[in-house]
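K.L.:
Those sequence lines, one after another, are chains Z and L.
Under the numbering used here, the first residue of the first sequence is numbered 1, with each subsequent residue one higher.
Under the numbering used here, the first residue of the second sequence is numbered 270, with each subsequent residue one higher.
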Amino acid sequence: MSKIIVVTSGKGGVGKTTTSAAISTGLALNGYKTVVIDFDVGLRNLDLIMGCERRVVYDFVNVINGESNLKQTLIKDKRTENLYVLPASQTRDKDALNKEGVERVLNELAAEGFDYIICDSPAGIEQGAQMALYFADEAIIVTNPEVSSVRDSDRIIGILQSKSRKAENGEQVKEHLLLTRYNPVRVTEGEMLSVTDVEDILAVELLGVIPESQDVLKASNQGTPVILENTSDAGQAYSDAVQRLVGKDIPHRFLEAQKKGFLARVFGG
Amino acid sequence: MGLLGFFKDEPPRSASVAKERLQILVTHERNQRNAPDYLPALQREIMAVVSKYVNVGDDDINVQIDNHDQLSVLELNITLPN
């Protein structure tokens with residue numbers, strides 16, 4: 001049985017695609033056969049972050065419409081074994097995705113023996129976002145420690161709890177909170193919501209905290225999922241999150257600011 | 270905050286303001302989310318009846334449902350002009 005995980009947030013620009021790329025790569029590195037699907041029809045970007053933009057021939061909508069089969073459409077990742085990308089279509093028809101079509105493709109992927117199907121949701125709460133979350137068993141809610149992002153996350157949690165297939169069957173989508181762009185120094189200064197603040201407000205179990213890092217932009221510039229940057233804090237934090245996702249209990253890192261020197265502490269930094 | 274900060278009478282840090290605002294907003298929005306679908310229509314119709322007799326605007330009426338363990342309370346708040 002494959003597990004379907006949606007990466008969602010409501011708000012745009014918080015790191016959904018970065019997270020989808022990192023988490024799917026991490027699962028594949030751990031030996032799970034994984035596919036990551038870009039649900040952002042019209043604004044395809046996962047292919048760029050995964051570094052396979054020049055290998056896109058067919059896309060998700062082609063498979064749904066029967067214009068190509070999975071074998072022709074799935075892009076096998078060149079760096080990571082067990083990893084496949086299903087790119088979004090660049091068509092402007094935002095209603096190109098429908099429940100029946102998406103379900104059929106998900107079933108075909110399950111039949112292909114995929115352990116994990118990661119659905120990279122578009123921003124917003126429209127059709128594309130609802131299609132991405134509808135079939136999910138679990139959800140990774142990507143949130144920045146910032147008011148509008150937290151509010152939108154709560155909104156999307158409400159949709160998961162009322163409009164997903166699990167909710168319609170009286171079950172629950174397992175929710176995970178992933179806090180990204182976290183800056184411990186600003187938290188210490190009292191100028192950024194802390195992990196506990198966000199946990200208190202959203203009441204969702206914490207999957208991980210990704211520190212704000214220049215490596216994320218560097219990695220996306222190069223089309224390399226940041227999780228492959230072993231020396232990067234953000235990469236390591238994503239690796240930890242993947243371990244927790246598959247059920248390992250490991251402590252959170254990168255939550256504390258580097259200690260200030262004595263003078264800085266006395267006089268305020 | 271170092272020693273110098275301790276002696277300054279500082280306003281609350283922006284993060285705690287953010288948390289407080291979010292807690293109020295999120296609670297309010299969750300209540301709305303759990304409210305029955307007929308609430309907006311109910312509000313419009315009550316509004317229409319009331320405005321037949323008193324001159325009130327859209328913002329002067331507030332309909333809200335509070336869910337408790339055993340019962341739900343429909344709260345209707347209409348501000349009448351002086």
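Glycine is no exception: its CB is placed at the ideal position from the N, C-alpha and C atoms.
All values derive from a computational prediction rather than experimental measurement.
By Cβ distance, which residues of its chain are closer than 6 Å to residue 284 of chain Z, with the 5 residues on each side in sequence left out?
P.N.:
Chain Z is shown only over 1 to 269; residue 284 of chain Z falls outside these bounds and no answer can be derived.
K.L.:
Counting only Cβ-Cβ distances shorter than 8 Å, please list the residues of the stretch 287 to 317 of chain L near chain Z, keeping chain order.
P.N.:
Among the residues of the stretch 287 to 317 of chain L, those with a Cβ less than 8 Å away from any Cβ of chain Z are 287, 288, 290, 291, 292, 294, 295, 298, 299 and 302, in the order of the chain.
K.L.:
Output yes if chain Z places a C-beta closer than 7 Å to the C-beta of residue 341 of chain L; else output no.
P.N.:
Residue numbering aside, residue 341 of chain L sits at position 72 when the second sequence is read from its first letter. No, because no Cβ of chain Z sits closer than 7 Å to the Cβ of residue 341 of chain L.
K.L.:
For residue 118 of chain Z, tell me which candidate among Z/226, Z/125 and Z/109 has the shortest Cα-Cα distance.
P.N.:
Taking the first residue of the first sequence as position 1, residue 118 of chain Z is located at position 118. Per the Cα distances, Z/109.
K.L.:
Roughly how many angstroms lie between the CA atoms of residue 35 of chain Z and residue 59 of chain Z, to the nearest whole one?
P.N.:
In the first sequence, the residue the question calls residue 35 of chain Z occupies position 35. In the first sequence, the residue the question calls residue 59 of chain Z occupies position 59. Roughly 13 Å separates the two Cα atoms.
K.L.:
Which residues in the same chain as residue 47 of chain Z place their Cβ atom closer than 6 Å to its Cβ, once the five residues preceding and following it in sequence are excluded?
P.N.:
Translated into positions along the first sequence, residue 47 of chain Z becomes position 47. Hits under 6 Å: 53, 56 and 87.
K.L.:
Look at residue 346 of chain L and residue 324 of chain L and say whether their C-beta atoms are less than 7 Å apart.
P.N.:
Here residue 346 of chain L refers to the residue found at position 77 of the second sequence. Here residue 324 of chain L refers to the residue found at position 55 of the second sequence. Cβ atoms of residue 346 of chain L and residue 324 of chain L: not closer than 7 Å.
K.L.:
Among Z/14, Z/12 and Z/20, whose alpha-carbon lies nearest the alpha-carbon of residue 245 of chain Z?
P.N.:
Position 245 of the first sequence, counted from the start, is the residue given in the question as residue 245 of chain Z. Taking each of Z/14, Z/12 and Z/20 in turn and checking the Cα distance to residue 245 of chain Z, the smallest one comes out for Z/20.
K.L.:
For a cutoff of 7 Å on Cβ pairs, would you count residue 256 of chain Z as touching chain L?
P.N.:
As a position in the first sequence, residue 256 of chain Z is number 256, starting the count at 1. Judged by the 7 Å Cβ criterion, residue 256 of chain Z is not in contact with chain L.
K.L.:
Thinking C-alpha only, which one of Z/253, Z/228 and Z/254 is nearest residue 28 of chain Z?
P.N.:
As a working mapping, residue 28 of chain Z is identified with position 28 in the first sequence. Of the listed residues, the one whose Cα sits closest to residue 28 of chain Z is Z/228.
K.L.:
Does the structure place the stretch 161 to 168 of chain Z close enough to the stretch 194 to 201 of chain Z that three or more beta carbon pairs sit under 8 Å?
P.N.:
no
K.L.:
Along chain L, which residues have their Cβ under 8 Å away from the Cβ of residue 151 of chain Z?
P.N.:
Your numbering for residue 151 of chain Z matches position 151 in the first sequence. Under the 8 Å cutoff, chain L gives 291, 294, 295 and 298.
K.L.:
If we cut at 7 Å on Cβ distances, does residue 154 of chain Z have a partner in chain L?
P.N.:
Numbered from 1 along the first sequence, position 154 holds the residue referred to as residue 154 of chain Z. With 7 Å as the cut-off, residue 154 of chain Z counts as an interface residue toward chain L.
K.L.:
By alpha-carbon positions, which one of Z/242, Z/115 and Z/252 ends up nearest to residue 3 of chain Z?
P.N.:
The residue labelled residue 3 of chain Z in the question sits at position 3 within the first sequence. That would be Z/115, whose Cα lies nearest to the Cα of residue 3 of chain Z.
K.L.:
Give the C-beta separation of residue 193 of chain Z and residue 287 of chain L to the nearest angstrom, bearing in mind that I take them to be a contact with Cβ-Cβ under 8 Å.
P.N.:
The sequence position of residue 193 of chain Z within the first sequence is 193, counting from 1. The sequence position of residue 287 of chain L within the second sequence is 18, counting from 1. Between residue 287 of chain L and residue 193 of chain Z the Cβ distance is about 6 Å, and since that is below 8 Å, they are a contact.
K.L.:
Run through chain L and tell me which residues come within less than 8 Å of residue 204 of chain Z, C-beta to C-beta.
P.N.:
Taking the first sequence and counting its residues from 1, one reaches residue 204 of chain Z at position 204. Here the premise fails: no neighbours, minimum Cβ distance about 12 Å.
K.L.:
Determine the DSSP secondary structure at residue 15 of chain Z, reduced to helix, strand or coil.
P.N.:
For this step, residue 15 of chain Z is matched to residue 15 along the first sequence. Residue state, collapsed to three classes: coil.
K.L.:
For residue 283 of chain L, decide whether its Cβ has a neighbour in chain Z, counting only Cβ atoms nearer than 7 Å.
P.N.:
Along the second sequence, read from residue 1 onward, the residue named residue 283 of chain L stands at position 14. Chain Z contact via Cβ: present.
K.L.:
CB residue 233 of chain Z to CB residue 211 of chain Z, shorter than 7 Å?
P.N.:
For this step, residue 233 of chain Z is matched to residue 233 along the first sequence. For this step, residue 211 of chain Z is matched to residue 211 along the first sequence. Yes. Within cutoff.
K.L.:
Mind listing the chain L neighbours of residue 201 of chain Z? Cutoff is C-beta to C-beta under 8 Å, in chain order.
P.N.:
Reading the first sequence from its first residue, position 201 is the one you call residue 201 of chain Z. Around residue 201 of chain Z, the beta-carbon contacts reaching into chain L at under 8 Å are 288, 291, 292 and 295.
K.L.:
Below 8 Å on the Cβ atoms is my guess for residue 175 of chain Z versus residue 141 of chain Z; work out the distance and round it to an integer in Å.
P.N.:
Position 175 of the first sequence holds residue 175 of chain Z. Position 141 of the first sequence holds residue 141 of chain Z. Between residue 175 of chain Z and residue 141 of chain Z a beta carbon distance of about 6 Å is seen, short of the 8 Å cut, so the two are scored as contacting.
K.L.:
At a CB-CB cut-off below 7 Å, which residues of chain L make contact with residue 193 of chain Z?
P.N.:
The count along the first sequence starts at 1 and reaches residue 193 of chain Z at position 193. Around residue 193 of chain Z, the beta-carbon contacts reaching into chain L at under 7 Å are 284, 287 and 288.
K.L.:
Taking 7 Å as the CB-CB cut-off, is residue 158 of chain Z touching chain L?
P.N.:
Taking the first sequence and counting its residues from 1, one reaches residue 158 of chain Z at position 158. At least one chain L Cβ lies under 7 Å of residue 158 of chain Z.
K.L.:
Would you identify the three-state DSSP class for residue 250 of chain Z, choosing helix, strand or coil?
P.N.:
Locating residue 250 of chain Z in the first sequence gives position 250, counting from the first residue. Three-state result, residue 250 of chain Z: coil.
K.L.:
Between residue 270 of chain L and residue 189 of chain Z, what straight-line distance do the alpha-carbon atoms span, to the nearest angstrom?
P.N.:
What you label residue 270 of chain L is simply residue 1 of the second sequence in a count that begins at 1. What you label residue 189 of chain Z is simply residue 189 of the first sequence in a count that begins at 1. Since pLDDT at residue 270 of chain L reaches only 49, below the 50 mark, its modelled position is unreliable, and the value read off the structure follows with that caveat. One Cα belongs to residue 270 of chain L, the other to residue 189 of chain Z, and the distance between them is close to 7 Å.
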